């Protein structure tokens, strides 16, 4: 076996960095959501890699990755419902101009 | 370096994943960004396969590629706001004053550099095992057994969470329809 544990860890760090940049730098709510999805996937890579390489972690790592998939599916459904509602009400989804909950 | 199919496959798949993830962030049209996101998810399913997680690879294709990418594409197509559809060249223009540039490009880049730097330093300090410990055969059986013994309470909570998300999405949609009929 020639890929060591550092390969998937570096891949996950790169994907998490890209997702973090996307989530922080964009103003479009759907693009922010995509960045968050990338970050969640990077975490899943880490969990699966640790499950594969570390002793006795196989079941826990894969089960936790499965739970993260569940949570992110629920999160995307609710976030898109809110974003579509916002787009219908405000005619934009620029989060810098959304202050419905501020005052 | 000797030719090793697993290593070559991993490098190819992760290179495609990183490039398409980069395109998710930088694509001008949001529709293209969503499609690149689907390609990223598909490549990560390949990574899961190489890591011996067949069930998670199948779940990744079903949930992420099949459901989440599709739901994002539907969300984009069902919306009438021009910014969501991304008809123009760039989705939202970057204002060219210094404060906006600083907040939208410099600060996120600094945060990303700091985070990835810390991660790489931490990863390089630890001595990781070189060879995989091995999953011990049938991973689907292993996941099923773990889900219904050690992780039974999180499993049930995940079911409740999905139900709540379903009800919440319906409530949000229905409330909006009622308001529009009144107005």
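Chains as they are written, first to last, in the working numbering: chain A, 1 to 103; chain B, 104 to 286. We put the CB at the ideal spot given by N, CA and C, even for glycine. The structure presented is a predicted model; accordingly, all values stated were derived computationally and were not measured.
Short Cβ contact (7 Å threshold) for residue 69 (chain A) with residue 130 (chain B)
no
Using the three-state DSSP reduction, which class does residue 194 (chain B) fall into: helix, strand or coil?
For residue 194 (chain B), the predicted structure reports a pLDDT of 46, less than 50, and the residue's modelled location is therefore unreliable. The matter cannot be settled from this model.
Are the CB atoms of residue 48 (chain A) and residue 156 (chain B) within a distance shorter than 7 Å?
yes
Give a yes or no on whether 7 Å exceeds the smallest Cβ distance from residue 39 (chain A) to chain B.
no
I'd like the span of the alpha helix (DSSP H) that includes residue 211 (chain B), first residue to last.
210–228
Using only CA atoms, which one of B:228, B:110, B:216 and B:120 lies nearest to residue 144 (chain B)?
B:120
Cβ neighbours of residue 148 (chain B) in the same chain (closer than 6 Å, five flanking residues each side left out):
160, 163 and 164
Rank A:97, A:57, A:14 and A:29 by C-alpha distance to the C-alpha of residue 40 (chain A) and give the top, closest one.
A:14
Leaving aside the five residues before and after residue 158 (chain B) along the sequence, list all residues of the same chain whose C-beta is less than 8 Å from its C-beta, in chain order.
242, 243 and 246
Just list the residues that DSSP pairs residue 28 (chain A) with in beta bridges.
A:94
Flag this pair as yes or no: are the beta carbons of residue 219 (chain B) and residue 35 (chain A) separated by less than 7 Å?
no
Taking its Cβ as the centre, do 16 or more other Cβ atoms sit within 10 Å of residue 37 (chain A), making it buried, or is it exposed?
buried
Can you tell me the Cα-Cα spacing of residue 270 (chain B) and residue 224 (chain B), whole angstroms?
44 Å
Taking the alpha carbon of residue 5 (chain A) as the point to measure from, which residue in B:150, B:142 and B:139 has its own alpha carbon closest?
B:150
Which class does residue 139 (chain B) belong to by DSSP, given the choice of helix, strand or coil?
helix
Run down chain A in chain order and give the residues with a C-beta less than 7 Å from the C-beta of residue 117 (chain B).
11
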